[in-house]
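**Student:** Before I ask anything, here is the structure I am working with.
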Amino acid sequence: MKTSLSLMTTLAMMLACAPAFAAAELPLEKATLTEPPNVPPPITRTSAAKVLVELEVIEKVGQLADGVDYVFWTYGGTVPGRFIRVREGDTVEFWLMNHQNNKLPHNIDLHAVTGPGGGAASTFTAPGHKTRFTFKALNPGLYIYHCATAPVGMHIANGMYGLIYVQPTTPLPKVDREYYVVQGDFYTEGDFGAKGGQAFSMKRAIDENPSYVVFNGSAGSLTGDRALKGKVGETVRLFIGNGGPNLVSSFHVIGEIFDKVFTEGGSRPQENVQTTIVPAGGSAIVEYKLDTDGTYILVDHSIFRTFNKGSLGMMKVEGGQNKDVYSGKELDESYLGDESVASAVLPNRPAAAVAKAPTAKPDAAAGKSLYMANCSMCHQQNGEGIPGAFPPLAASDFLNNIANKNRLDLVATVLKGRTGKITVNGKEYNGVMTPVSGLGDADLATLLTYVSNQWGNKAPAFSKDEIKKLRDAVMTAAPAAPSPPH
Amino acid sequence: MWILAALSLVIAADRPVRVAIPAGRFAPLFGLDTGQRDFAVSAFAIDARLVSNAEFAAFLRARPDLGKGRISSALADECYLSHWEGATLPPGSSAAPVVSVSWFAAQAYCEWRGARLPSTLEWEYVAAASETDRDASRDPAFVARILGWYSRPTGKDLPGESHRNVYGVYDLHQRVWEWTLDFNGAFNTADNRQDGDKIAGMFCGGGAIGSARREDYAAFMRYALRGSLSARSTLASLGFRCAASTTETR
């Protein structure tokens, strides 16, 4: 009896200690996980390995936009979570650690996993605990992972998603640069740009009415110094994900055509694509060659999200203009279209304007029309701007200052656009103004005179000749930053 | 007799009183059968306050076998009372709720006091009350306040703020998570291996199936947390209070 008992014990111990998979002979390696937007280097192995992945859940305060604090729930301390790269056929030993200071249980559903819950049930982890499961990466492709603990929408809405790339046994061709970008929608109590600590709004989430739609966890995560970088002649591969939780992305790079898109992160590429759909809980791999320099803007082309909710990133490309591919502006001269329309916008024809609208000040009417056509979608109808996004022009200390003291700067702002931090009426803005193109000297003079003398602003009028001089000065100065939007 | 009376006076002053909770009907987030609207809840009594470090230390003097470093690893994980310095309380923590205790230790404490842990139904029934309403589970402001607490990391310090609900029970929310008698009852039967479907139902969209109030995210989080525990688990944000069926109390 005693013998059989101890034999059973030994057997039980052997069973308990046996690896979950018969993978003991595979070489063991620890996966390198990277923070956004960087991707681990391609795997050069030509046979399967057992790959150890350790991912820690951290609940922490971060910035959703400049001056906007939010409690993010993260995989590895960043939104999106760390990028995981394994190879098709690898056996992955996955550890999920839930930091003891966290308040909530979490888990992970990796869409690359074949098995119930994608690992969710096996990794359900209380704070201060860790769990493990093992899976075989059967299908190559780019997959979202996310938390699936109830209420799942809130866990995702707070930033619990990332990407795992299962590199095919025949890898994609080598490129010069790889990055990853993950879109997400966020739901705060305050509107876009409302400063301070912002709590999660369950109502907004259920209504699918986000206050923020951003790339890589915050508005401005890929702008200014943090823009993606490239050089003319290089090839780029972007691993794109969409954590959601609600919105489907119309992913587009302004001024680029994707040479290849592995739609939905799958195996077969489509070629020559302008905009690709990235489903919530889905992905896409896009590739393009950098043919000429400039700043290329990454957007969700469901475009109000980009203008008003933050889904804007940048790729800055250096290495010289390729005139063969893109010339820049070659010509800008007056165009007198239909007489009745022209009379309303051309200030150098006051007689006609006065005759048709004797009570209106001709410059003001023409200026207003130019303003409505070129500026009002951002700065709003009466120059009031949008708090946190677009600075006001009405009673603007910033505008009055440059319109009176640095008129070259004002003209440069309109012609070349403007990025970086500015302070307007005591409030900080850190957005992107795209260049306003297609305005002749006379129109621009009318427009700037209008704007700098409306809504409580005061500055001397601009003449056509003054604009011409300033335009020449601007155009001979340093090259433009952003490329014009499509 | 006078000794007993004096003793009970001391206890009343030193230890939180138990509050009588009237019988009623309640629809918890999980557990209702199809077509069932609610459960009957019998009258019971529940501690007005969370069990404190000092009270738990007193218990351990009577049950040294459950002391830190002594307790069997079958009854508590390695983080049991990890906020205590050895067997003694950290300075100034006597009145703070005891945390990092396992279900076994919490239930043993309650039994030592002639009570038990509250059932999940009882806990949710009494915790649905706000400062002014017995059932505030659909009051958006109340739910949002609780949700706000769940959304923040635990950190090192427990908040000192105290909330008293309409029954006179303190700090059911916004302080620590609490053990219940049947904490894993929503998901697990006695044989865990047969619960595959139930557990899977808690993840992803499946979590909404079978819930009484899909908008009650705070309750989802409580059920999710309870479901992540085993009886030997301890958390730095998990404490308890005791309850008793009214017929059991004197």
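Chains as they are written, first to last, in this note's numbering: chain E, -10 to 475; chain L, 24 to 273. Glycine is no exception: its CB is placed at the ideal position from the N, C-alpha and C atoms. Treat the numbers as computed from the prediction; the structure is a model and nothing was measured.
Which value, in whole angstroms, describes the spacing of the CA atoms of Pro449(E) and Tyr277(E)?
**Tutor:** 48 Å
**Student:** Which residues bound the beta strand (DSSP E) around Asn261(E)?
**Tutor:** 258 to 262
**Student:** What did DSSP end up calling Phe72(E) once you bin it into helix, strand or coil?
**Tutor:** strand
**Student:** Grab me the residues of Ala109(E)'s own chain with a C-beta within less than 6 Å of its C-beta, minus the 5 sequence neighbours each way, in chain order.
**Tutor:** Asn96, Asp98, Ala137
**Student:** In this structure, does DSSP put Val149(L) in helix, strand or coil?
**Tutor:** helix
**Student:** Among Pro380(E), Gly182(E), Val275(E), Phe124(E), which one has its Cα closest to the Cα of Asp79(E)?
**Tutor:** Phe124(E)
**Student:** Give the residues of chain E in contact with Ser251(L), contact being defined as C-beta atoms less than 7 Å apart.
**Tutor:** Pro94, Phe113, Thr114, Ala115
**Student:** Can the beta-carbon of Gly219(E) be found closer than 7 Å to that of Met304(E)?
**Tutor:** Yes.
**Student:** Out of Val102(E), Leu93(E), Phe379(E), Lys405(E), point me to the one whose CA is closest to Gly283(E)'s CA.
**Tutor:** Lys405(E)
**Student:** Look up Met361(E) in the DSSP assignment and say whether it is helix, strand or coil.
**Tutor:** helix
**Student:** Enumerated in chain order, which unbroken segments of the alpha helix (DSSP H) with a length of 4 residues or greater are wholly contained in the stretch 74 to 139 of chain L?
**Tutor:** 76 to 85, 126 to 135
**Student:** Under three-state DSSP, which class holds Asn87(E)?
**Tutor:** strand
**Student:** By a C-beta neighbour count over all protein chains shown, 10 Å radius and 16 as the cutoff for buried, is Thr257(L) buried or exposed?
**Tutor:** Classification of Thr257(L): buried, given that the 10 Å Cβ count is 16 or more.
**Student:** In chain E, which residues lie less than 9 Å from Ser185(L) when you measure between Cβ atoms?
**Tutor:** Result: empty, since nearest Cβ-Cβ is about 19 Å, beyond 9 Å.
**Student:** Using the three-state DSSP reduction, which class does His290(E) fall into: helix, strand or coil?
**Tutor:** coil
**Student:** Got a sec? Which residues, its chain only, sit under 8 Å from Ala194(E) by beta carbon, not counting five neighbours each side?
**Tutor:** Excluding residues within five positions, the ones whose Cβ falls inside 8 Å are Gly142, Met143, Ala146, Tyr176, Pro234, Asn235.
**Student:** Is Gln89(E) close to chain L, meaning its C-beta is less than 7 Å from at least one C-beta of that chain?
**Tutor:** yes
**Student:** Return the residue from the list Ala188(E), Lys163(E), Leu44(E), Val75(E) that minimises the CA-CA distance to His118(E).
**Tutor:** Leu44(E)
**Student:** Under the three-state reduction of DSSP, which class applies to Asn27(E): helix, strand or coil?
**Tutor:** Strand at Asn27(E).
**Student:** Only counting the same chain, and skipping five residues up and downstream in sequence, which positions put a Cβ closer than 6 Å to that of Val17(E)?
**Tutor:** Reading off the sequence shown, one finds Leu at residue 17(E), where the question assumed Val. Taken in chain order, the residues that qualify are Lys39.
**Student:** If you measure from the beta carbon of Thr138(E) to each beta carbon in chain L, is any gap under 7 Å?
**Tutor:** True, the Cβ-Cβ gap to chain L drops below 7 Å.
**Student:** Just how far apart, CA to CA, sit Thr158(E) and Glu82(E)?
**Tutor:** 19 Å
**Student:** For Ile195(E), which three-state DSSP category applies?
**Tutor:** helix
**Student:** If you follow the alpha helix (DSSP H) that Lys410(E) is part of, which residue opens it and which one closes it?
**Tutor:** That residue, Lys410(E), is in no alpha helix (DSSP H); it is neither H nor E in DSSP.
**Student:** Tell me which same chain residues have a C-beta within less than 7 Å of the C-beta of Tyr173(L), skipping the five on either side of it?
**Tutor:** Excluding residues within five positions, the ones whose Cβ falls inside 7 Å are Ala241, Met244.
**Student:** Rounded to the nearest angstrom, how far is the Cβ of Asp156(L) from that of Val189(L), given a contact under 8 Å?
**Tutor:** 6 Å
**Student:** Rank Leu161(E), Tyr418(E), His368(E), Arg121(E) by C-alpha distance to the C-alpha of Ser256(E) and give the top, closest one.
**Tutor:** Leu161(E)
**Student:** Look at the alpha carbon of Ala97(L) and the alpha carbon of Asn231(E), and state the distance between them as a whole number of angstroms.
**Tutor:** C-alpha of Ala97(L) to C-alpha of Asn231(E): approximately 43 Å in a straight line.
**Student:** Taking Met143(E) as the query, report the chain L residues whose CB atoms sit under 7 Å from its CB, ordered along the chain.
**Tutor:** Those are Tyr240, listed as they occur along chain L.
**Student:** With three or more beta-carbon pairs closer than 8 Å as the criterion, would you say the stretch 112 to 119 of chain L touches the stretch 62 to 78 of chain L?
**Tutor:** Contact annotation: the stretch 112 to 119 of chain L touches the stretch 62 to 78 of chain L, with at least three C-beta pairs closer than 8 Å.
**Student:** For Ala462(E) and Arg168(L), I'd like the C-alpha separation in whole angstroms.
**Tutor:** 58 Å
**Student:** Does the contact criterion of 3 or more C-beta pairs under 8 Å hold for the stretch 53 to 71 of chain L versus the stretch 102 to 109 of chain L?
**Tutor:** no
**Student:** Between Thr114(E) and the rest of its own chain, which residues show a CB-CB distance below 7 Å, the 5 nearest in sequence each way excluded?
**Tutor:** Leu85, Asn87, Pro94, His95, Asn96, Thr120
**Student:** Against chain E, with Cβ distances strictly below 7 Å, would Phe243(L) count as a contact?
**Tutor:** Contact with chain E is found for Phe243(L), since one of that chain's Cβ atoms lies less than 7 Å from the residue's Cβ.
**Student:** What distance in whole Å lies between the Cβ atoms of Ala20(E) and Leu53(E), which are believed to be in contact at a cut-off of 8 Å?
**Tutor:** Actually they are not in contact, since the Cβ atoms of Leu53(E) and Ala20(E) sit about 29 Å apart, beyond 8 Å.
**Student:** Distance check for Pro26(E) and Arg71(E), CA to CA, integer angstroms please.
**Tutor:** 9 Å
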